[in-house]
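S.K.: I'd like to ask you about the structure that follows.
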Amino acid sequence: MKSRLGAISPLVVVLLAVLLAPIAAPYDPMATDTSAQFQAPSAAHWLGTDQFGRDVLSRLLHGGQRTLFVTLAATGIAAAVGTLLGMMSAYRSNETGVSHPGDWIAFGAGVIVSALFAVPALVLALALVTLLGTGLPSLAIATGVSQIAPFARLVAAAARQAAAMPYVEAARSLGAREARITWQHVLPNLLPTLLSATVIAFAYCLLNSAALSFLGLGAPPGQPDWGAMLYEGRQVFRVAIWVGLASGSAITILVWLAIWTADRVDFSSQQ
Amino acid sequence: MTARVLAFLLRAVASAWLAVTVTFVLLRLLPGDGLTAQLRESGAPDSVIAERQAALGLDAPLPVQYGRYIAALLRGDLGVSLLNGQPVSELMGAQVWATVELAIASLMVGTVLGVGIGYVGGQSALQRYKVSSRAVPDGLRNIAGIVATVALSAPVMWTGTLAVWLFAARLDWLPAGGAGRLSQLILPALVLGFATAGGVAQVTQRALGAIGREAFVQTAIAKGLSEWVVGFRHVLRVALPLIITQMSIQAGFLLSGAVVTESMFSRPGIGRLLLDAVLRQDYLLVQGIVVWMSLVVIAATALADGLALLTDARLRQSML
Amino acid sequence: MLRFGSIRLRSVLVIVLMLVIVSMGQAQDGAVNRIVYGLSFEPSGFDPHRNASAELGIPLRMVYDTLVYRDPATGQFVPGLAESWEVSADGLVYTFRLKQGVVFHDGTTFNAAKVAANFDRILSPDTASQKSIFMLGTYAGYEVVDDFTFRILLAQPYSPLLDSLAQVYLGMASPAAFGAYSVERYQFHQVGTGPYEMVEYVTGDRLVLRRSANYAWGPSFYQPLAQGKIHEIEFRFYTDVSTRALALEAGDVQVIGEIAPTDARALATVADIQLEQVAIAGQPLQFLMNTTRYPTNNRDVRQALLFGTNREAIVDAVFQRFSPVAWGPISASTAYYSAQVVGSYGFDSVQAQALLEGAGFVDADSNGYYDAEEGDLEVRIIVPPWGLIPQVAQLMEDQWRTIGVRAVLNSVPTRAALFEAVATGEYNLVAWYEFGVDPAFLSNYFSSSGAFNWTGYANPNLDSLLVQAASTLDENARATLYAQIQVQVMQEALMLPIRDYVNINGISNQVMNLSFDDYGWFPLLVNASLVSE
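Protein chains in written order, with our numbering: chain D, 34 to 304; chain C, 2 to 321; chain G, 3 to 535.
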């Protein structure tokens with residue numbers, strides 16, 4: 034366990050840095066100065082300015098916070114519901130023979146997961162945004178819900194593998210109840226998978242929330258947010274490539290870090 | 002075995018039904034719709050709006066509308082677009098080939114790139130198990146690893162913008178968008194292919210690592226088979242099902258949601274059709290597209306599940 | 003070994019051949035006098051009797067003729083398919099004498115019975131028209147007097163009737179053609195009398211027009227067929243804004259509209275492309291102010307917001323100076339525009355703060371914002387995603403910080419969502435505008451019973467001005483009335499105008515004489531020509 038925590042510590046450190054980054058911002062991220070539009074990176078503005086003369090670096094540092102809150106919330110939703118559904122759909126997966134009410138739970142959970150996979154995130158996002166209003170909560174929920182299915186599938190696959198382990202068979206043959214088996218034997222062995230799946234879900238939530246903000250479904254206009262900045266960057270790439278370059282790099286680096294961390298967790302749990 | 006197949010089918014049908022129902026409910030919960038909005042904008046009085054809705058059967062209570070919709074679905078009727086009255090199946094049929102073309106091209110690019118990168122990057126794992134030594138220089142292996150992760154990590158909107166900026170705006174080598182000529186397919190296929198290459202590379206690399214450990218490989222080496230032979234033919238051959246599994250999942254995603262790529266490159270296709278339908282709140286069209294997409298995604302994941310089962314069985318057998 | 007080699011060689015050759023064939027595709031750039039025109043999106047339907055988007059008019063304005071036209075030079079009505087017309091003294095009967103010898107693209111003759119069939123189609127519930135039927139106002143019926151005389155009857159005088167009849171949505175189609183197809187399929191086989199015929203429409207891909215050989219009955223400002231005229235036009239859809247200019251530079255299209263202002267600035271320096279900026283008549287990009295909700299229920303606050311918005315800066319930063327600042331409820335190219343509104347509420351943050359303080363607002367907690375009943379002085383704005391409105395709103399938010407007002411931006415993703423947000427009443431400002439040359443649409447916005455009365459303003463005096471202006475046929479009276487209306491709207495600070503809408507078109511130097519009609523959106527392709535090689 035200690036080595037697993039050690040594996041995720043670089044990611045945690047970076048996340049904390051991103052959360053605290055606004056302190057380091059040299060300018061007010063919302064202050065416009067239309068005479069200083071589209072300035073290339075310089076000593077005064079290390080990452081240049083955007084369409085309204087706002088300092089890109091300051092917006093990047095402030096935007097990380099907002100982006101991170103949404104992504105963490107979405108990851109939480111995906112992990113919590115995904116674990117539950119995943120465990121349920123793997124319930125009694127290695128039992129054959131006499132049908133049991135538990136089998137229906139597994140079937141139902143499996144159907145829900147497949148259906149969630151199939152409903153496009155776009156439709157979900159629009160529905161949520163219209164019902165709850167634009168803004169971060171709807172973005173977080175839409176992104177989180179769209180990642181539940183992949184998470185659940187991962188958990189289900191790992192749970193099935195864990196349930197096939199010899200010592201689980203042994204416990205079953207000794208007469209232990211199904212629920213107790215799940216709680217005491219299967220779940221603890223899933224922890225490394227859950228950890229790495231959570232980190233992967235974090236990566237995909239980050240990517241997907243950036244994609245949804247291009248529909249105007251994200252932060253209110255003007256608020257710094259990496260996804261929104263990526264979209265702005267695309268609109269002005271002919272005259273100011275640095276706007277998109279900065280936010281895209283930030284997202285890529287954070288996602289890369291998450292994936293690298295997930296690999297390390299996997300690796301450390303294999304030791 | 003038949004029980005298993007039946008269970009699969011039952012699950013697929015139930016999932017498709019649930020997906021369609023959830024979409025139906027979500028869309029109808031939304032206040033307003035595209036037709037009413039357009040009529041209102043044109044200055045139509047409320048009485049006319051009510052008449053038009055009645056003509057389309059939209060004034061019936063929701064459960065009745067739902068029942069009619071499911072009955073029509075079972076007959077193969079996907080309904081008509083709210084805004085232009087054209088049958089949904091026709092609208093989709095016209096656009097689906099563009100998406101398929103893009104998906105196939107991207108999958109090809111992604112697989113070639115991904116397997117290549119994954120194989121190079123996976124050499125360190127093979128090396129650990131003494132399957133391969135000094136076959137690939139350290140630097141190249143590390144670069145391959147980094148490229149694979151960047152491919153996974155970079156948002157498509159970003160790589161797409163950079164690709165257009167570099168190849169279309171700066172260098173003027175390739176067109177920035179549109180469809181109809183082969184040259185217009187290159188950039189989007191590269192961008193989307195690069196994104197899928199990441200997943201394929203990772204799977205390839207991990208497969209090489211996992212399988213390198215396996216007994217049959219060790220046995221083959223003990224028997225004195227050359228490293229290259231073992232490395233390439235045996236290991237990759239067993240890894241192939243896993244790669245194909247990954248590809249089928251990717252195919253599901255590609256076919257069902259090339260929304261961002263199609264919008265970025267001004268290409269027609271199901272992704273853009275869906276985006277337009279959602280933004281115009283033409284919920285009859287959205288529902289029709291979701292039905293199709295659900296079936297595609299569910300079929301793709303069923304295929305992936307099946308392949309995974311097969312792979313598992315083979316691996317287990319080979320271990321005995 | 004040789005056998006293996008030749009199979010390989012053959013398969014390689016086949017693949018290469020296939021690639022060559024595929025890449026030749028449908029782009030037949032070698033054809034004579036042909037251009038590709040880029041549209042900004044694919045409308046949900048291309049039938050002008052049924053569908054509503056202005057985009058469909060860009061190709062179809064050339065396929066259909068209308069009874070009358072507006073001369074782009076003068077804005078006056080000139081004969082089209084009707085060679086003359088009379089209006090009865092009470093304004094209820096319009097009698098049109100139709101041109102003779104006009105023939106549809108399918109060879110059938112044009113006459114009054116055909117006009118009647120068109121009206122039947124527009125009014126039919128089966129057609130379910132989304133726009134054209136609502137342009138007829140107080141329409142009460144028609145009369146076919148004889149083969150070439152057609153009468154329209156109104157229940158009450160309706161000044162904008164001729165304006166409606168001049169637009170493509172009321173263009174004359176061949177009844178033989180629309181009778182032969184179902185309502186949804188006719189859009190693929192459209193037949194009119196215009197200078198161009200429709201060749202095909204492939205959904206998602208293209209719409210193609212070809213010059214009609216025998217066109218001889220156009221309005222005075224259509225030039226006759228001559229050397230260099232464009233023979234064939236292919237319309238393609240370029241939905242992504244940021245790559246439109248690239249398509250033009252790469253030569254994929256010869257004309258494209260709705261270029262982003264930032265890209266247009268970059269294009270201005272490119273040698274073989276001209277920019278054509280076309281003013282679109284109608285309402286400017288504006289924010290309607292809700293006079294029934296705090297704090298914009300106070301006129302001083304509304305005026306302060308007007309003074310506190312630096313529109314020059316917005317036009318500069320967001321629109322790169324391609325648009326003029328707007329001063330009133332209709333833009334400068336709209337009929338009956340009054341210059342009296344020019345310069346009203348010029349940017350003056352000192353005046354803005356004075357007004358707010360005069361209204362009793364103070365900043366007791368010194369947080370930079372005036373205090374309201376609870377918290378800060380907040381103004382809630384509904385912000386849709388089109389027309390660069392989010393960018394405008396961002397600048398306004400920052401500008402209003404200087405005058406101590408906090409802007410709260412409420413983004414709505416779609417039109418329907420915007421209507422729902424307005425219906426809740428929880429807004430102070432809402433961005434909305436419509437296009438059109440005849441300002442009769444102002445009644446919808448500023449009359450107390452108007453369908454778009456989102457300002458909540460109810461003034462019987464203004465109501466009667468609007469009613470008179472939309473029912474009198476006396477041009478001078480209308481001009482005077484609309485001048486009074488514009489001034490009053492600005493005095494009451496019912497809306498915040500930002501910029502007159504300008505469509506930035508990019509045109510390749512190969513194309514000459516491409517101008518746009520009075521409404522602004524529709525290119526007069528009939529007059530354009532290609533530079534001879």
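Glycine is no exception: its CB is placed at the ideal position from the N, C-alpha and C atoms.
1. Look up I37(G) in the DSSP assignment and give the residues it is bridged to.
2. Just to make sure I have the definition right: I need the residues of chain D whose C-beta is within less than 8 Å of the C-beta of A294(C). Which are they?
3. With T205(G) and G178(C) assumed to form a contact (beta carbons below 8 Å), what rounded beta-carbon distance in angstroms separates them?
4. Buried or exposed: E314(G), going by 16 or more other Cβ atoms within 10 Å of its Cβ?
5. Do we get a CB-CB distance below 9 Å when we pair N507(G) with the residues of chain C?
6. Which residues mark the beginning and the end of the beta strand (DSSP E) in which A84(G) is found?
7. So, using beta-carbon positions, are T68(G) and A178(G) closer together than 9 Å?
8. Would you mind working out which of R403(G), W523(G), Q393(G), A471(G) sits nearest A433(G), comparing C-alpha positions?
9. Using a 10 Å radius around the Cβ and a threshold of 16 neighbouring Cβ atoms, would you call E236(G) buried or exposed?
10. Give the DSSP bridge partners of F378(G), in chain order.
11. Alpha carbons only, please: which of F136(G), Q493(G), P525(G) is nearest the one belonging to G508(G)?
12. Looking at the C-beta of G258(C), does it have a partner C-beta in chain D at a distance below 9 Å?
13. Apply the 10 Å Cβ neighbour rule to Y183(G) and answer buried if 16 or more other Cβ atoms are within range, or exposed otherwise.
14. Could you please give the first and the last residue of the uninterrupted beta strand (DSSP E) stretch that includes D148(G)?
15. Using a C-beta to C-beta distance shorter than 8 Å, which residues of chain D count as neighbours of V243(G)?
16. Would you decide whether D306(C) is buried or exposed? Buried here means 16 or more other CB atoms lie within 10 Å of its CB.
17. G199(C): which of W289(D), A261(D), G97(D), L245(D) sits nearest, CA to CA?
18. Between V80(G) and the rest of its own chain, which residues show a CB-CB distance below 6 Å, the 5 nearest in sequence each way excluded?
19. Measuring only between beta-carbons, confirm whether A99(C) sits less than 9 Å from chain D.
20. Just checking: is the beta-carbon of Q271(G) within a distance shorter than 9 Å of some beta-carbon in chain D?
21. Taking Cβ positions only, does F25(C) come closer than 9 Å to chain G?
22. Let me know the secondary structure DSSP gives R212(G) once reduced to three states.
23. Could you name the residues of the segment 74–93 of chain C whose beta carbon sits closer than 9 Å to any beta carbon of chain G, in the order they occur along the chain?
24. With 9 Å as the threshold, decide whether the Cβ of A169(C) is near any Cβ in chain G.
25. The alpha helix (DSSP H) spanning R142(C) covers which residue range?
26. So the beta strand (DSSP E) L100(G) belongs to, where does it begin and stop?
27. Out of curiosity, what's the CA-to-CA distance linking A460(G) and G143(G)?
28. Below 8 Å on C-beta distance, what does L397(G) contact in chain D?
29. Counting only Cβ pairs nearer than 9 Å, list the residues of chain G close to T37(C).
30. Under 6 Å Cβ to Cβ from E359(G), same chain only, skipping five residues before and after it: list those, please.
31. Verify whether the separation of the beta carbon atoms of G281(D) and A170(C) is less than 9 Å.
32. Quick check on DSSP: helix, strand or coil for P88(C)?
33. By the three-class DSSP mapping on this structure, what secondary structure does S68(D) have?
34. Hey, could you find the ends of the alpha helix (DSSP H) S134(G) is sitting in?
35. Between which two residues does the beta strand (DSSP E) containing P81(G) stretch?
36. Assess contact between the segment 103–112 of chain D and the segment 411–429 of chain G, defined as three or more Cβ pairs (one per stretch) separated by less than 8 Å. Is contact present?
M.R.: Here's the rundown:
1. Partner(s): I235(G).
2. Sequence inspection shows Met at residue 294(C); the Ala mentioned does not correspond to that position. Using a Cβ-Cβ cut-off of 8 Å, M294(C) is close to A151, P153 of chain D, given in chain order.
3. About 18 Å separates the two Cβ atoms, so there is no contact after all.
4. With fewer than 16 other Cβ atoms within 10 Å, it is exposed.
5. False, the Cβ-Cβ gap to chain C never drops below 9 Å.
6. Boundaries of the beta strand (DSSP E) harbouring A84(G): 84–89, taken from the DSSP string.
7. No; because the gap between Cβ atoms is not below 9 Å, this pair is not in contact.
8. Checked all of R403(G), W523(G), Q393(G), A471(G); the closest Cα to A433(G) is Q393(G).
9. E236(G) is buried by the Cβ-count criterion.
10. Just to set this straight, residue 378(G) is Asp in the shown sequence, not Phe. Bridge partners of D378(G): D373(G).
11. It is P525(G) whose Cα lies nearest to the Cα of G508(G).
12. Legend: pLDDT at G258(C) = 48, less than 50; position of this residue unreliable, no value from coordinates given.
13. Here Y183(G) is exposed, its C-beta having fewer than 16 other C-beta atoms within 10 Å.
14. Note, D148(G): beta strand (DSSP E), 141–148.
15. V243(G) reaches chain D at Q268, counting residues in chain order whose Cβ is nearer than 8 Å.
16. Classification for D306(C): buried.
17. Ranking the options by Cα distance to G199(C), first place goes to W289(D).
18. Exclusion of the five residues before and after V80(G) leaves Y71, D73, P221, S222 as the residues of its chain whose Cβ lies within less than 6 Å of its Cβ.
19. Answer no: the Cβ-Cβ gap between A99(C) and chain D never drops below 9 Å.
20. According to the sequence displayed, residue 271(G) carries Thr and not Gln. T271(G) does not count as touching chain D.
21. No, F25(C) lies away from the interface with chain G (no Cβ there is under 9 Å from its Cβ).
22. In the structure shown, R212(G) sits in a strand (DSSP, three-state: E or B).
23. With the criterion set as a beta carbon lying under 9 Å from some beta carbon of chain G, the members of the segment 74–93 of chain C are V81, S82, L83, L84, N85, G86, Q87, P88, E91, L92, in sequence order.
24. Closer than 9 Å: yes.
25. Element bounds for R142(C): 139–154.
26. Segment 95–100, the beta strand (DSSP E) holding L100(G).
27. The straight-line gap separating the alpha-carbon atoms of A460(G) and G143(G) is approximately 33 Å.
28. Those are T65, T67, F85, listed as they occur along chain D.
29. In chain order, A418, F421 make up the part of chain G whose C-beta sits under 9 Å from the C-beta of T37(C).
30. The answer is none, since no qualifying residue turns up.
31. No, the Cβ-Cβ distance between G281(D) and A170(C) is not below 9 Å.
32. Collapsing the DSSP output to three states places P88(C) in a strand.
33. It is helical.
34. Counting along the chain, S134(G) sits inside no alpha helix (DSSP H), nor does DSSP assign it H or E at all.
35. Residue range 79–81 is occupied by the beta strand (DSSP E) that includes P81(G).
36. Touching, no.
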